[in-house]
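I have placed the structure first, in the form of structure tokens, so that the comments after it can refer back to it.
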Amino acid sequence: MTPSPSAPGALNWILIITLGVIWGTAFMGVSTALTGLTPWWVTAGRVALAAAVLLPVAALMGQGVGRIRSLKAWIFIGYIGVFSTALPFALLSWGLTQVPSAFAGVATGSVPLLVLPLVAIFSRDEGIGPRRIVGVTLGFVGLVLLVGPGALEDGTMAGRLACLGAAACYAVGSVVTRRAPSIPPVAFAAGSMAIGALILLPLAYALEGAPVLTRPSALWALIYVALFPTGVAAIIRVLVITTAGSLFMSLTSYMVPLWAVVFGVTIMGEDLPPQLFWALGIILAGIGISQSRALLQQLRPRTRT
């Protein structure tokens, strides 16, 4: 049976679980890279290496960026490259110098909640009913709990807000992508990464000079983050969305923060405050309420008539 939004199929389930794990390791990987490289070079290196992977892959798949000739398409690609790639990656790298990787994972997991108010304003045809309003409200309580307690005392408020700022960039980018003209998806990802790299590489050099590696493990962590959570994950994301739909893809919102916490505690040895776990539960509950009807409709087996 051909996979579809109403019947995702076993392969898509495997892919989405794999994607949740891969994205869940991104925060741990960036934190490790930051132990031997400066924040701007971690950001620039991540995007540049991912572009180096995606550009030839796009060409091999018949979706090379040279096939994109529409100015409007390049405007959208440029926007995503700057405001949904370069900017959030920079905010995340800097934020992770202040907060644990698990915190960043939970903050980024709030993207679906941040998307919903934007959808209500800019895509009114999609609708935002009582369930979504309750879900967003509950999720907002979780975000306040995540950011608030102790942030002023331990001096991490700016880092916490940077991680939420990255999530907001992803949310806006999601809405912008929906309004983009028809663009081959892998070419879209490759082009946006390339533009992000063209901006970040000279900016990193201007702000921090030539890169200096002080710990070899940091380089390996950077390569991992660039290849898997950034490059390979982008390809998996395209495959899942094109065969099973974007709603099915939203299931990663539940997996990523959970895996980020698991890896942060078990591998990074992070000592996490109790309110982070409460915030995680409240945010996931908010996402669940806001998306419950749509997800149940999609995952419920359909009978043939």
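With my numbering applied, the sequence shown corresponds to residues -18 to 286, in that order. Just so you know, even glycine gets a beta-carbon here, dropped at the ideal spot from N, CA and C. Please read these numbers as outputs of a predicted model, since none were measured by experiment.
- Close beta carbons around Leu208, own chain, < 8 Å, minus the five adjacent residues each side: The count along the sequence shown starts at 1 and reaches residue 208 at position 227. For Leu208, same chain residues with a beta-carbon under 8 Å away, outside a window of 5 residues either side, are Leu30, Ala31, Val34 in chain order.
- Message: Using the Cβ count rule (16 or more neighbours within 10 Å means buried), how would you classify Thr284?
- Response: On the sequence shown, position 303 is the one that residue 284 refers to. Low confidence applies here, because Thr284 scores a pLDDT of 49, under 50, leaving its location unreliable and the question unanswered by this model.
- Query: Does the region 144 to 157 come close enough to the region 65 to 74 to have 3 or more Cβ pairs within less than 8 Å?
  - Reply: Put simply, the region 144 to 157 touches the region 65 to 74. At least three CB pairs are less than 8 Å apart.
- Query: CA-CA distance, Pro165 and Gly177?
  - Reply: Position 184 of the sequence shown holds residue 165. Position 196 of the sequence shown holds residue 177. For Pro165 and Gly177, the distance between alpha carbons rounds to 18 Å.
- Query: I think Val125 touches Pro98, with their Cβ atoms under 8 Å apart; what is that distance to the nearest whole Å?
  - Reply: On the sequence shown, residue 125 is found 144 positions in, with the first residue counted as 1. On the sequence shown, residue 98 is found 117 positions in, with the first residue counted as 1. Actually they are not in contact, since the Cβ atoms of Val125 and Pro98 sit about 15 Å apart, beyond 8 Å.
- Query: With DSSP run on the structure shown, which of helix, strand or coil describes Gln256?
  - Reply: Sequence index remark: in the sequence shown, residue 256 carries index 275 (1-based). Looking at Gln256 - three-state DSSP - the assignment turns out to be helix.
- Message: Give me, in chain order, the residues of the same chain whose beta-carbon lies closer than 7 Å to that of Ile61; leave out the 5 immediate sequence neighbours on both sides.
- Response: In the sequence shown, residue 61 corresponds to position 80, counting from 1. For Ile61, same chain residues with a beta-carbon under 7 Å away, outside a window of 5 residues either side, are Gly154, Val157, Thr158, Ser173 in chain order.
- Would DSSP call Met42 helix, strand or coil? Counting from one through the sequence shown, the residue named residue 42 turns up at place 61. If DSSP states are grouped into helix, strand and coil, Met42 belongs with coil.
- Message: Does Ala199 come out as helix, strand or coil in the three-state DSSP assignment?
- Response: Your numbering for residue 199 matches position 218 in the sequence shown. Ala199 falls in the helix class under three-state DSSP.
- Span separating the alpha-carbon of Gln256 from that of Arg50: The residue you call residue 256 lines up with position 275 of the sequence shown. The residue you call residue 50 lines up with position 69 of the sequence shown. Here the C-alpha atom of Gln256 lies approximately 50 Å from the C-alpha atom of Arg50.
- Give the range of the alpha helix (DSSP H) segment to which Phe84 is assigned. As a working mapping, residue 84 is identified with position 103 in the sequence shown. Phe84 -> alpha helix (DSSP H) spans 82 to 89.
- Item | Pro162 - DSSP class collapsed to helix/strand/coil | The sequence position of residue 162 within the sequence shown is 181, counting from 1. Coil at Pro162, not helix or strand.
- Query: So, is Pro111 buried or exposed, given that buried needs 16 or more other C-beta atoms within 10 angstroms?
  - Reply: Looking up residue 111 in the sequence shown gives position 130. Flag for Pro111 reads exposed.
- Item | Best match in Arg218, Leu0, Leu15 for proximity to Pro197 [C-alpha to C-alpha] | Within the sequence shown, numbered from 1, the residue matching residue 197 stands at position 216. Minimum Cα distance to Pro197 is reached at Leu15.
- Message: For Gly5 and Val237, which I take to be in contact (beta-carbon distance under 8 Å), what is that distance rounded to the nearest angstrom?
- Response: As a first step, residue 5 must be located in the sequence shown, where it is residue number 24. As a first step, residue 237 must be located in the sequence shown, where it is residue number 256. Taking a contact as a CB-CB distance under 8 Å, the pair Gly5 and Val237 counts as one, their CB atoms being some 5 Å apart.
- Task: Along the alpha helix (DSSP H) that carries Thr211, what are the first and last residues, could you check?
- Result: Here the question's residue 211 lines up with position 230 in the sequence shown. Element bounds for Thr211: n/a, residue is neither H nor E.
- Item | Among Ala54, Gly59, Leu142, nearest to Thr78 - alpha-carbon criterion | Numbered from 1 along the sequence shown, position 97 holds the residue referred to as residue 78. Checking every option, the nearest Cα to that of Thr78 belongs to Leu142.
- Can at least three beta-carbon pairs, one atom from the region -8 to 2 and one from the region 182 to 197, be found at a separation below 8 Å? Contact fails: fewer than three Cβ-Cβ distances are below 8 Å.
- Just mark Ile(-5) as buried or exposed, buried being the case when its beta carbon has 16 or more other beta carbons within 10 Å. Residue numbering aside, residue -5 sits at position 14 when the sequence shown is read from its first letter. When all chains shown are included, Ile(-5) counts as exposed.
- Take the Cβ of Gly86 as the centre, count every other Cβ of all protein chains shown within 10 Å, and call the residue buried at 16 or more, exposed below. Within the sequence shown, the letter at position 105 stands for residue 86. By the neighbour-count rule (16 or more Cβ atoms within 10 Å), Gly86 is buried.
- Item | Boundaries (first-last residue) of the alpha helix (DSSP H) holding Met9 | Counted from its first residue, the sequence shown places residue 9 at position 28. From DSSP, the alpha helix (DSSP H) with Met9 extends over -9 to 14.
- Which of helix, strand or coil does DSSP assign to Ala266? If you number the sequence shown from 1, residue 266 lands on position 285. Note: Ala266 maps to helix in three-state DSSP.
- Thinking C-beta only, is Leu18 closer than 8 Å to Leu203? For the purposes of this step, residue 203 is taken as the residue at position 222 of the sequence shown. For the purposes of this step, residue 18 is taken as the residue at position 37 of the sequence shown. In this structure, Leu203 lies near Leu18, with their beta-carbon atoms less than 8 Å apart.
- Message: So, for Ala215: in the same chain, excluding its five sequence neighbours on each side, which residues have a beta-carbon less than 6 Å away from its beta-carbon?
- Response: Taking the first residue of the sequence shown as position 1, residue 215 is located at position 234. Excluding sequence neighbours, Ala215 sits near Ala170.
- Item | Which of helix, strand or coil DSSP assigns to Leu95 | As a working note, residue 95 is residue 114 in the sequence shown. Here DSSP, grouped into helix, strand and coil, assigns Leu95 to helix.
- Skipping 5 residues on each side, what residues in its chain have a beta carbon closer than 7 Å to that of Lys53? The residue given as residue 53 occupies position 72 in the sequence shown. Beyond the five residues adjoining it in sequence on each side, Lys53 comes within less than 7 Å, by CB distance, of Pro162 in the same chain, given in chain order.
- Report the three-state DSSP secondary structure of Ala191 (helix, strand or coil). Position 210 of the sequence shown, counted from the start, is the residue given in the question as residue 191. Correct three-state label for Ala191: coil.
- Task: Would you mind giving the Cβ-Cβ distance between Val167 and Val38, rounded to the nearest angstrom? I have them listed as a contact below 8 Å.
- Result: Residue numbering aside, residue 167 sits at position 186 when the sequence shown is read from its first letter. Residue numbering aside, residue 38 sits at position 57 when the sequence shown is read from its first letter. The beta-carbon distance between Val167 and Val38, rounded to whole angstroms, is 7 Å. This is short enough to meet the 8 Å contact definition.
- Residues in its own chain within less than 8 Å of Val243 by CB, not counting five upstream and five downstream? Residue numbering aside, residue 243 sits at position 262 when the sequence shown is read from its first letter. Gly5.
- Message: Measuring straight from C-alpha to C-alpha, what distance separates Thr247 and Ala7?
- Response: Numbered from 1 along the sequence shown, position 266 holds the residue referred to as residue 247. Numbered from 1 along the sequence shown, position 26 holds the residue referred to as residue 7. Cα to Cα, Thr247 sits roughly 15 Å from Ala7.
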